[in-house]
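Residue numbers (our numbering), protein chains in the order written: chain P, 3 to 291; chain D, 6 to 236.
Where a beta carbon is used, it is the ideal one built from N, C-alpha and C, also for glycine.
Data block below; observations after.
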Amino acid sequence: MNLLEPIVQGILLGGLYALFAAGLSLMFGVMRIVNLAYGDFAVLSAYGALVVVNAALINPLLALVVVAPAMALLGYVLQRTVLQRTLGLSPLPSLLVTFGLSIIIQNVLLLFGSADQQRLTLGDIDTASVTLPLDITVGVFPLGVFVLAVVILGVLSWVTAKTQYGRLVRAVSDDPDTVMLQGANPKVIYGIATAIAFGLVAIAGVAAGIQTSFSPSSGSMLLIFAFEAVIIGGLGSLWGTLGGAVILGVAQTVGAAFAPAQQILAGHIVFLLFLAFLPNGLSRRKVRA
Amino acid sequence: MLEVSGLTAAYGQVTAIRDVSLSVNAGGILAVIGANGAGKSTLLKTIAGILPAVSGTIIFDNEDMTRRSAFDRVRRGIALVPEGRRLFPSLTVQENLQTAFASKRKGAWTLDTVYDLFPLVAERRQRRAGDLSGGEQQATAIARALLTNPKLLLLDEVSLGLAPAIIADLYSRLPEILAQGTGVLLVEQDVSQAMKVADSVYCLLQGATSLTGTNLAMADISAAYFGMEKK
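Next up, the structure:
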């Protein structure tokens, strides 16, 4: 069996997962905020893009110009008004609140849409492909998504490592009270981080809507893939998240090459192996509980 | 510069300080002394805005700070070196110092000048703050507070858990800080150390004032410190 083909496809699939996981890596990996509604916000963004596409007759990428800032704004407002109040020593309030948000979003989408699978389309680009050396054919769009994921994680990694805002983000995840003593408002720092994560989730939601399809209930699967990518990569490491996403993608496509019905299962098994043998992930960075 | 009057603060139902009044002048230094649990740290936290005041007022530079947030007070020139240093353990020493730029206050203190003041901190700048010794952490915490270019510096238990030589070394930097016109309000358990550096002393006993003044006799201080009647 030729495994090269599924490995290359898996790497590209990993690009899509990395795009999903980028915002989660910032919120969960760096800032330690658990958002169980993360996947549903991606689906919400895809529906938002669908509405814009149908109303304005533009392509989904242009719709992102509206949807991504709108989601970022929603993220900021949601963080300042709701999520901020759930932060504290116990993770339970934020788990419950975001789980509730997840259910609300799914049902609102069912109410105004339908349970059918929906798609966004870019026309010819959906099916366009290029042939790489060794006679491997890959889709143009998945290749673009992969490149975008690398760029986004690179920028995000640079921002957290080198900029003043990035330092404050890491400082807030260490000790929010002491950040106040430096003259910064931790709530604004949390708000901006959530806005960035929500802007990214909009991009990821639309990309997934073009590459595959979506329905009101598809958010939870996206959430699991994103969490798995962040954990395989190691908490707090944005480059690790890219590696984690690629490993997850390759595990799924190689798994599917052997047992086509067990694609998802293969990914979960690799994730469990990581939890058992490399619980700190690829970056091996020890983190506080 | 700082005028605190009738300040009362509490943790939940438990009153920690009662009706405290004191003042600090620019370039002046006031030491607050008192036994464990007398409310010294609570007083500094309340002035810094980490803990809300129940009643009383905190006037700083003729402005009422009592209801302002902690970060707003930092931006107006009140810096606290908190008890236990509270460095960001996952950041390097230099990154810890750079977080102070969030205060957006310019002045005499820059990365270069604080590194001159604390050469040991300069040597450790690329280390993670969590890996430093106690004395290095305390110096870094003071340097970080100075980088907000405060008009008033609140120092909480600088000597806690440190060797005498290190404590003396840290306190020897105070004159340079005061020379910038910065007022200092410091909290100490070590009375003799506090008396050595401070112009005036303020003694807290179970959350209330028990003695205040300059050039006090040791006998009066120990009476106020332990709450005993004078013989």
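Three-state secondary structure (DSSP) of residue i
{"i": "serine 28 of chain D", "result": "strand"}
{"i": "glycine 166 of chain D", "result": "coil"}
{"i": "arginine 81 of chain D", "result": "coil"}
{"i": "threonine 214 of chain P", "result": "coil"}
{"i": "isoleucine 271 of chain P", "result": "helix"}
{"i": "leucine 280 of chain P", "result": "coil"}
{"i": "arginine 172 of chain P", "result": "helix"}
{"i": "arginine 290 of chain P", "result": "Because the pLDDT of arginine 290 of chain P is 46, which lies under 50, any placement of that residue in the model is unreliable, and the number read from its coordinates should be weighed accordingly. Coil at arginine 290 of chain P, not helix or strand."}
{"i": "alanine 213 of chain D", "result": "strand"}
{"i": "valine 252 of chain P", "result": "helix"}
{"i": "glutamine 120 of chain P", "result": "strand"}
{"i": "lysine 201 of chain D", "result": "helix"}
{"i": "leucine 64 of chain P", "result": "helix"}
{"i": "alanine 186 of chain P", "result": "coil"}
{"i": "alanine 184 of chain D", "result": "coil"}
{"i": "lysine 236 of chain D", "result": "With a pLDDT of 48 at lysine 236 of chain D, under the threshold of 50, the predicted position of this residue should be treated as unreliable, and no value is reported."}
{"i": "leucine 134 of chain P", "result": "strand"}
{"i": "alanine 107 of chain D", "result": "helix"}
{"i": "arginine 178 of chain D", "result": "coil"}
{"i": "arginine 90 of chain D", "result": "coil"}
{"i": "leucine 35 of chain D", "result": "strand"}
{"i": "arginine 87 of chain P", "result": "helix"}
{"i": "glycine 218 of chain D", "result": "strand"}
{"i": "alanine 2 of chain P", "result": "Because chain P in this structure spans residues 3 to 291, residue 2 of chain P falls outside the shown range and cannot be described."}
{"i": "alanine 21 of chain D", "result": "strand"}
Bounding residues of the alpha helix (DSSP H) (the contiguous stretch that carries residue i)
{"i": "isoleucine 83 of chain P", "result": "It should be pointed out that residue 83 of chain P corresponds to threonine in this sequence rather than to isoleucine. Element bounds for threonine 83 of chain P: n/a, residue is neither H nor E."}
{"i": "glycine 156 of chain P", "result": "142-164"}
{"i": "valine 32 of chain P", "result": "From DSSP, valine 32 of chain P is part of no alpha helix (DSSP H); its letter is neither H nor E."}
{"i": "serine 222 of chain P", "result": "221-235"}
{"i": "aspartate 195 of chain D", "result": "Where aspartate 195 of chain D is concerned, there is no enclosing alpha helix (DSSP H), given that its DSSP letter is neither H nor E."}
{"i": "arginine 149 of chain D", "result": "139-151"}
{"i": "isoleucine 107 of chain P", "result": "94-114"}
{"i": "phenylalanine 22 of chain P", "result": "6-26"}
{"i": "serine 227 of chain D", "result": "223-231"}
{"i": "aspartate 128 of chain P", "result": "Run containing aspartate 128 of chain P: none; DSSP gives neither H nor E here."}
{"i": "threonine 118 of chain D", "result": "116-122"}
Nearest-angstrom Cβ-Cβ length linking residue i and residue j, presumed shorter than 8 Å
{"i": "isoleucine 2 of chain P", "j": "valine 171 of chain P", "result": "For residue 2 of chain P there is no data in the structure shown, the boundaries of chain P being 3 and 291."}
{"i": "glycine 237 of chain D", "j": "leucine 152 of chain D", "result": "Coverage of chain D is limited to positions 6 through 236, which leaves residue 237 of chain D absent and any answer about it impossible."}
{"i": "aspartate 176 of chain P", "j": "phenylalanine 93 of chain D", "result": "4 Å"}
{"i": "leucine 167 of chain D", "j": "glycine 139 of chain D", "result": "5 Å"}
{"i": "glycine 12 of chain P", "j": "glutamine 254 of chain P", "result": "6 Å"}
{"i": "alanine 53 of chain D", "j": "alanine 75 of chain D", "result": "6 Å"}
{"i": "proline 62 of chain P", "j": "glycine 211 of chain P", "result": "7 Å"}
{"i": "glutamine 198 of chain D", "j": "serine 164 of chain D", "result": "6 Å"}
{"i": "arginine 178 of chain D", "j": "leucine 122 of chain D", "result": "6 Å"}
{"i": "alanine 20 of chain P", "j": "leucine 225 of chain P", "result": "Rounded, the Cβ-Cβ distance is 15 Å, inconsistent with contact."}
{"i": "valine 189 of chain D", "j": "isoleucine 34 of chain D", "result": "4 Å"}
{"i": "valine 79 of chain D", "j": "glutamine 184 of chain P", "result": "7 Å"}
Closest Cα partner of residue i within the set the options
{"i": "glutamine 99 of chain D", "options": "D:Tyr176, D:Leu48, D:Glu128 and D:Ala228", "result": "D:Glu128"}
{"i": "leucine 274 of chain P", "options": "P:Val161, P:Ala259, P:Phe260 and P:Leu250", "result": "P:Leu250"}
{"i": "arginine 132 of chain D", "options": "D:Asp121, D:Leu122 and D:Thr145", "result": "D:Thr145"}
{"i": "aspartate 69 of chain D", "options": "D:Glu8, D:Gly232, D:Val126 and D:Leu27", "result": "D:Glu8"}
{"i": "isoleucine 107 of chain P", "options": "P:Val45, P:Asn56 and P:Trp241", "result": "P:Val45"}
{"i": "glycine 21 of chain D", "options": "D:Asn41, D:Ala134, D:Pro180 and D:Arg78", "result": "Contrary to the premise, residue 21 of chain D reads as alanine rather than glycine in this sequence. The candidate whose alpha carbon is nearest that of alanine 21 of chain D is D:Asn41."}
{"i": "valine 192 of chain D", "options": "D:Phe123, D:Leu48 and D:Ser108", "result": "D:Leu48"}
{"i": "leucine 12 of chain D", "options": "D:Asp117, D:Glu141, D:Arg72 and D:Pro124", "result": "D:Arg72"}
{"i": "glutamate 7 of chain P", "options": "P:Asp126, P:Arg82 and P:Asp137", "result": "P:Asp137"}
{"i": "valine 79 of chain P", "options": "P:Leu103, P:Gly193, P:Met223 and P:Phe30", "result": "P:Gly193"}
{"i": "glycine 141 of chain P", "options": "P:Gly17, P:Leu225 and P:Gly257", "result": "P:Gly17"}
{"i": "alanine 204 of chain P", "options": "P:Phe30, P:Ala70 and P:His270", "result": "P:Ala70"}
{"i": "valine 126 of chain D", "options": "D:Phe106, D:Ile147 and D:Ala107", "result": "D:Ile147"}
{"i": "asparagine 4 of chain P", "options": "P:Asn282, P:Leu280, P:Ala258 and P:Val272", "result": "P:Ala258"}
{"i": "leucine 66 of chain P", "options": "P:Thr162, P:Leu240, P:Ala51 and P:Ala74", "result": "P:Ala51"}
{"i": "histidine 270 of chain P", "options": "P:Ser285, P:Leu284 and P:Val252", "result": "P:Val252"}
{"i": "lysine 189 of chain P", "options": "P:Met29, P:Phe216, P:Glu230 and P:Val174", "result": "P:Val174"}
{"i": "phenylalanine 143 of chain P", "options": "P:Gly156, P:Pro135, P:Thr133 and P:Thr129", "result": "P:Thr129"}
{"i": "lysine 201 of chain D", "options": "D:Leu221, D:Ala213 and D:Ala107", "result": "D:Leu221"}
{"i": "leucine 209 of chain D", "options": "D:Lys45, D:Gly17, D:Arg90 and D:Tyr16", "result": "D:Lys45"}
{"i": "valine 55 of chain P", "options": "P:Ala247, P:Gly125 and P:Leu113", "result": "P:Gly125"}
Residue i: first and last residue of the uninterrupted beta strand (DSSP E) it sits in
{"i": "glycine 11 of chain D", "result": "7-16"}
{"i": "aspartate 161 of chain D", "result": "157-161"}
Beta carbon proximity, residue i to chain A, threshold 8 Å
{"i": "leucine 170 of chain P", "result": "Among the chains of the structure shown, chain A does not appear; the protein chains present are P and D."}
Segments of 4+ residues assigned as alpha helix (DSSP H) that fall wholly inside the region 37-62 of chain P: 40-58, all fully within the region 37-62 of chain P.
Entirely within the region 39-81 of chain D and at least 4 residues each: give me those alpha helix (DSSP H) ranges in chain order. Note on the region 39-81 of chain D: whole alpha helix (DSSP H) runs with a minimum of 4 residues are 45-53 and 75-80, in chain order.
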